[in-house]
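Input: a single structure, listed below in structure tokens.
In this note's numbering, the protein residues as written are 27 to 226.
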């Protein structure tokens, strides 16, 4: 069974590619579920609503909300699915916390690493797909019109987040696949499927 994660900024196409992969796996006969962060559980969806509608002033407070939602998702959704031989696709996971709260907001990276491991009980993705998008394109690629505090952040913030993602990918290149999110959706979907098929 495989645990596959999509990472990248909003507007990069994570949700679309995650859904396309879900449909491809289902049509090929692979048992699979799709979830998201924060979300995927009643607690996670409540946290998502808070984070999308409330401008918290303390990055550390946000961090602990993300971690609480992640712990719940791992223990009640992801681990049980994998245990029952069901593949899991997640729209965001630990990389988002490291990139946004660590590189973007300046929280201690080593502390975030320890807390991520604690929240996940050391569970890690088999493959993380980073849809890399130039920071200047993020605003124009938002599809739903809704904007949270991260969307409204400066270009400099998004540059730090992007470099954070790329830094993680360089360090964990065996388990990370970096793709140019400006390419055609169909091209990306095929490349993702080619990479993932051997894992299944």
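All residues carry an ideal CB built from backbone N, CA and C; glycine is no exception.
For residue i, is the classification buried or exposed, using 16 other Cβ atoms within 10 angstroms of its Cβ as the cut-off for buried?
i, result
"residue 186", "buried"
"residue 181", "exposed"
"residue 106", "exposed"
"residue 130", "buried"
"residue 234", "With the chain covering 27 to 226 only, the question about residue 234 has no answer from this structure."
"residue 113", "buried"
Leaving out the 5 sequence neighbours to the left and right, which residues in its chain are closer than 7 Å to residue i when beta-carbon positions are compared?
i, result
"residue 206", "158"
"residue 211", "39, 42"
"residue 151", "29, 30, 31, 119, 201"
"residue 67", "98, 99, 102, 103"
"residue 147", "100"
With DSSP run on the structure shown, which of helix, strand or coil describes residue i?
i, result
"residue 32", "strand"
"residue 61", "strand"
"residue 47", "helix"
"residue 120", "helix"
"residue 89", "helix"
"residue 209", "coil"
"residue 132", "coil"
"residue 149", "coil"
"residue 38", "coil"
"residue 214", "helix"
"residue 225", "helix"
"residue 98", "helix"
"residue 84", "coil"
"residue 53", "helix"
Provide the residue span of the beta strand (DSSP E) that contains residue i, from first to last.
i, result
"residue 142", "Counting along the chain, residue 142 falls outside any beta strand (DSSP E), though it belongs to the alpha helix (DSSP H) covering 135 to 146."
"residue 203", "202 to 206"
Would you say the beta carbon of residue i is closer than 7 Å to some non-hydrogen atom of the ligand MG?
i, result
"residue 204", "In the structure shown, the ligand MG is absent, as is every other ligand, since no ligand is present at all."
Check for me: the alpha helix (DSSP H) holding residue i runs from which residue to which?
i, result
"residue 194", "181 to 197"
"residue 75", "68 to 79"
"residue 155", "Note, residue 155: premise wrong, no alpha helix (DSSP H); beta strand (DSSP E) at 153 to 158."
"residue 108", "105 to 109"
Whose C-beta lies closer than 6 Å to the C-beta of residue i among residues of the same chain, with five residues either side of it excluded?
i, result
"residue 65", "71, 74"
"residue 117", "32, 40, 41, 44, 62"
"residue 93", "141, 145"
Name the DSSP beta bridge partners of residue i, please?
i, result
"residue 114", "29, 59"
Spatial neighbours of residue i within its chain, please: C-beta separation below 8 Å, excluding the five flanking residues on both sides.
i, result
"residue 166", "37"
"residue 124", "135, 138, 139, 142, 190, 194"
"residue 89", "123, 127, 133, 138, 141"
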